[in-house]
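Novice: My questions will all concern the structure given below.
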Amino acid sequence: MTANSIEHLTVEVRLLPDPCLWAWEIRDPSRGGVVDSSWNAEWTAYNSAEEAYRAGHHRLSRLAGGSR
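Counting with this note's numbering, you get residues 814 to 881 for the letters of the sequence shown.
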């Protein structure tokens, strides 16, 4: 991904229905799709929305090469 394509990505968290845990998603609002997901890609979930957001933001930073 280029730096320009990374800039418009967002991190969102969602509550999983079963188990009752939180997962992060990196979304591309301009395309309306999910770029990466802790649950779909890694089967990783978190106890709180804050913890999931921090992990998702960390992943987005790695995608951006640490520039974000």
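Cβ coordinates follow ideal geometry from the N, Cα and C atoms, glycine included.
Here the structure is a predicted model, which is why all the values come from computation and not from measurement.
1) So what's G869 in DSSP terms, helix, strand or just coil?
2) In angstroms with no decimal places, state the Cα-to-Cα distance between A865 and S843.
3) If I follow the unbroken alpha helix (DSSP H) through A877, where does it start and stop?
4) Determine the contact status of A836 and S851, defining contact as a CB-CB distance below 7 Å.
5) Since L834 and N860 are thought to touch, with beta carbons under 8 Å apart, how far apart are those beta carbons, to the nearest angstrom?
Specialist: Taking the structure as given:
1) helix
2) 23 Å
3) A877 -> no alpha helix (DSSP H), and no H or E assigned at all.
4) yes
5) 6 Å
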